[in-house]
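Heads up, the sequence shown is in this note's numbering, so the first residue is 1234 and it goes up one at a time. For glycine and all other residues, C-beta sits at the position ideal for the given N, C-alpha and C. What you are looking at is a predicted structure, and each value in this text was computed from that prediction instead of being measured.
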Amino acid sequence: DGLGIVTATQPDGLGIVTTDTEIFAEWDKTPEFEKVHIVPFNDTIPRAYEFDIFQDYVQPYLKAHVHRKFTSSDMFMYHGVQFKLMAAEPDVLGRIGRQTTIYCEGALNPSM
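Structure below.
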């Protein structure tokens, strides 16, 4: 009868596919990094409380930007703290994904 059942729909719920249904599938072959080293700029880190750079800043930013592509030396800002991707393996355009090991040791001092 030309019908198929779909379980991944927007909004969530059961959907029906007919011959009139438009299906959009994105296929991005950008690789996922194996390892990255991300550090904050020292002058942007808040001094008023104890914090965990990864838990409080890096992880929430990456969850909100899962499709962002990075290269070494890219910078981003989250809640007033500026970060730099110091190194990535492999050193190509890539994404930080679930299998990526993330290192956050150290901080950068701003320079002119």
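Nearest residue (CA-CA) to residue i, options the options
| i | options | result |
| --- | --- | --- |
| F1274 | I1335, E1322, T1334, Y1311 | Y1311 |
| P1279 | K1302, V1269, Q1315, T1252 | Q1315 |
| T1374 | E1267, V1299, E1322 | Past the edges of the chain, shown from 1234 to 1345, lies residue 1374, and the structure says nothing about it. |
| F1287 | H1300, V1299, A1281, H1270 | H1270 |
| P1323 | A1281, E1265, Y1290 | E1265 |
| K1262 | T1252, H1300, A1320 | H1300 |
| P1343 | V1250, D1276, T1251 | D1276 |
| L1295 | L1318, I1249, T1254, E1283 | L1318 |
For residue i, the first and last residue of its enclosing beta strand (DSSP E)
| i | result |
| --- | --- |
| L1318 | 1314 to 1322 |
| K1268 | 1268 to 1273 |
| T1334 | 1334 to 1336 |
Residue i in three-state terms, based on DSSP
| i | result |
| --- | --- |
| I1249 | strand |
| I1286 | helix |
Terminal residues of the alpha helix (DSSP H) in which residue i lies
| i | result |
| --- | --- |
| Y1294 | 1292 to 1297 |
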